[in-house]
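Under the numbering used here, the letters of the sequence shown match residues 3 to 616, in that order.
Yeah, the Cβ is synthetic: ideal placement off N, Cα and C, and Gly gets one too.
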Amino acid sequence: MRPTVKNGKIFILLFLYITCSGLENTAFAKLLPKKEFQGSIDFRHPEPLYPYFYLHCRFPEDSYNPITIDSIKVNGEPIKYYRILKSLKEKFLDEEEIRAVEANDQIIPTSAGFSVDIPCQWAKDKSVVVHINGKCPDGKNQTLTVRGQTNRESSGIKGWRHYAALVIEETAGIERKAEPVRAMLGLIKCRVASPLKELRVVTFSPQNPASNALGYVEIPCQILDIIEWDDQKLLKNPEVDAKTKEPIRRYMPTTTVQLSFVADVGAYEKKVFLVCYGNPDAQAPDYETKLNVTGKTLSQTVTNERYRIDLSANSGAIMTVTVKGDSEILLEHKLETNGAVHWNPGVYAPPNPWVHASDWENPKFSIQSGPLIHRVCRYDNLPFITTTSAQVTYSFFAFQPYMLCETVMEVKENIFVQALRNGEIVFNHAVLNEFVWKDKQGKIQHLDLSQTREHPIHALEIPPDTPWLAFINRDQGVGFAVPSINYTNLNLYGELPSEAQPYFYVQVGPWIYWSRGLVYPFGHKNFTRMMPVKAGSVYSEINAYLPFRFKKDEYPFEEIEKYQKILTNPLLITEHMPFDSLTPRQWIEPLLTAPFNEGVENAQDTGQMPKVEK
């Protein structure tokens with residue numbers, strides 16, 4: 003048997019055998035010509051519409067009798083999931099075009115031929131036998147058999163037995179380079195021995211010099227979290243189907259992994275990335291990047307190609323920002339109290355003192371560090387006020403010019419305040435002298451900080467969801483921008499959000515700063531008022547911090563505009579995991595609130611039936 007090559011794909015011609023029991027005594031015998039027919043198998047790698055390794059089997063018109071397909075086997079193994087298309091078309095534009103010809107009823111006429119796509123992994127130089135079983139219109143059995151030889155490299159990545167496919171789609175029309183992507187995958191525990199050693203991310207890029215024989219190239223990745231579920235009490239509890247009395251398996255030991263990797267995706271492109279696992283002999287990867295972290299506990303310095311950021315030893319807040327370029331430019335505050343650049347969340351509920359997250363002394367914290375992401379999360383009650391807690395998380399990236407700041411503030415008891423704020427950034431006057439923002443109509447506005455009202459009067463007030471804000475110096479070609487990604491105020495108990503016409507304001511004094519007032523009577527003329535914040539009030543925000551440089555003859559805000567659009571239009575990620583033979587082939591009734599244990603005897607409930615008062 004000799005393979006033929008068309009458009010870079012290997013097609014193998016093979017014989018298609020058809021049997022129909024009792025066919026010679028029926029009218030349908032006339033439909034079966036007295037000759038052998040040729041079919042084909044194409045061994046295909048994952049693509050956005052078919053994000054798995056699969057066999058593409060084609061059956062030409064009149065090479066079979068009309069058939070209703072019952073089952074498909076590959077090398078004797080039954081296949082649970084497959085797609086039957088009443089078409090011989092080679093390529094489809096989108097899922098809608100596929101649905102138009104998909105044979106969901108599994109009834110195949112002889113008029114136009116059909117194709118079957120079968121998720122399947124294969125080994126190198128192995129025989130592949132596909133049996134398609136069904137019934138003729140008269141109820142007789144019919145089997146279509148296709149035989150082929152792989153004659154090529156095995157599917158997947160050599161040594162890795164399992165994979166999950168992630169289809170990543172760009173929806174904003176912006177090319178993405180080394181974009182951080184985060185995914186959470188639930189892996190069957192016995193399929194992965196050590197995620198830290200085994201997991202690899204690859205994508206199809208045959209033009210890349212580093213690609214393997216199948217055209218795949220490895221992408222740097224980082225494990226962020228691993229959690230195992232292996233509840234032996236539930237696993238050992240016997241359950242049987244109420245009708246068949248056959249044992250059923252409701253639970254599977256699961257290793258859940260959160261990982262991050264970087265993706266290059268073109269504008270409006272869909273691209274497949276494979277997360278490979280199942281190689282107990284693998285060694286932990288060692289990816290080298292420009293992300294560097296020094297220092298102990300919270301007192302750290304984080305550096306990449308664009309910036310160097312120092313964190314406070316006491317609170318972990320941002321203390322200084324050094325913007326890299328032809329020469330380094332230092333941006334800092336260091337004029338009052340803790341001297342941080344990033345202050346909030348914060349609250350002023352007198353007679354308690356005015357406190358901020360930057361006033362923390364050794365808060366609780368966690369750190370995740372690797373070649374792609376360095377993440378510092380701090381959380382605790384705010385100082386001197388146990389009724390209000392806060393969480394502040396910084397994420398630094400190896401290949402991006404920005405860092406992310408996520409904050410959450412929760413009020414646990416009813417309180418009265420004169421100030422409740424977030425989103426505060428403070429600098430001294432040494433470098434930055436102009437405030438710039440993009441208004442809700444899309445126009446770029448600016449404010450000369452040397453020619454404006456001074457503290458305690460607000461220099462400027464703008465909407466709380468302004469797309470982006472920045473302090474800049476045009477002469478030095480430097481700035482610090484904050485593109486806003488998300489901003490939410492709510493109440494956990496269904497109360498109306500405690501917010502009093504929130505707004506951003508700019509203040510000019512010995513320092514320059516902006517902050518978002520959420521409940522802020524102290525910022526108004528009648529500043530002695532005490533206003534309520536109800537228990538369960540939660541205030542969250544996600545912002546990017548972008549230190550940037552620009553030349554005098556350039557449009558200064560191009561990079562801010564770019565990343566504000568990118569960060570508010572994240573890549574769309576869809577997971578596709580091949581069916582695992584350990585998973586029950588038959589669907590299992592879930593445990594329902596009423597009635598419980600439907601269809602299953604001796605099931606363990608996850609809760610109690612609610613009592614109904616008569």
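Euclidean distance between Cα positions of P282 and I159:
14 Å
R60 lies in the beta strand (DSSP E); which residues open and close that run?
56 to 61
Starting from K564, follow the alpha helix (DSSP H) in both directions and report where the run begins and ends.
Boundaries of the alpha helix (DSSP H) around K564: 560 to 569.
Quick one: measure Cβ to Cβ for T291 and L374, integer angstroms, because I've assumed they're closer than 8 Å.
7 Å
For G268 and Y54, what's the separation of their Cα atoms in angstroms?
21 Å
Rounded to whole angstroms, what's the CA-CA distance from A461 to K527? Just pull it up for me.
14 Å
Verify whether the separation of the beta carbon atoms of L548 and P485 is less than 8 Å.
yes
When you compare the CB positions of G175 and T70, do they come within less than 8 Å of one another, or not?
No. Outside cutoff.
As a quick exercise: from P121, K247, S391, Q144, pick the residue whose alpha carbon is nearest that of H578.
Closest option to H578, Cα to Cα, is P121.
Considering only their Cβ atoms, is the gap separating P523 from Q420 smaller than 8 Å?
yes
Beta-carbon proximity check, L226 vs Q370, cutoff 8 Å:
The answer is yes: Cβ separation under 8 Å.
Okay, do the stretch 170 to 186 and the stretch 575 to 589 touch, 3+ Cβ pairs below 8 Å being the bar?
yes
List the whole-angstrom C-beta distance separating I544 from N488, where the pair is believed to meet the contact cut-off of C-beta under 8 Å.
Under the criterion of beta carbons closer than 8 Å, I544 and N488 qualify as touching, at roughly 4 Å.
Taking the beta carbon of D96 as the centre, do at least 16 other beta carbons fall within 10 Å, making it buried, or is it exposed?
Exposed: under 16 other Cβ atoms inside 10 Å.
Return yes when the Cβ of V438 is within less than 8 Å of the Cβ of V325, no when it is not.
No. Outside cutoff.
Of the residues W362, K366, H376, K414, the one placed nearest C407, counting alpha carbons only
H376
Apart from the five residues just before and just after K82, which ones in its own chain have a Cβ nearer than 8 Å to its Cβ?
F581, R587
Which partner residues of A105 appear in the DSSP bridge assignment?
Note: A105 sits in no beta bridge, so no partner.
Measuring alpha carbon to alpha carbon, tell me which of Y253, K445, W513 ends up nearest L451.
W513
Runs of alpha helix (DSSP H) lying entirely within the stretch 167 to 229, each at least 4 residues, in chain order
197 to 200
Buried or exposed, going by whether 16 or more other CB atoms sit within 10 Å of the CB of M532?
exposed
First and last residue of the uninterrupted beta strand (DSSP E) at Q151
143 to 151
Three or more beta-carbon pairs under 8 Å between the stretch 258 to 268 and the stretch 226 to 236, yes or no?
A contact exists between the stretch 258 to 268 and the stretch 226 to 236.
Apart from the five residues just before and just after R163, which ones in its own chain have a Cβ nearer than 6 Å to its Cβ?
Once the five neighbours on either side are set aside, the close Cβ partners of R163 are G280.
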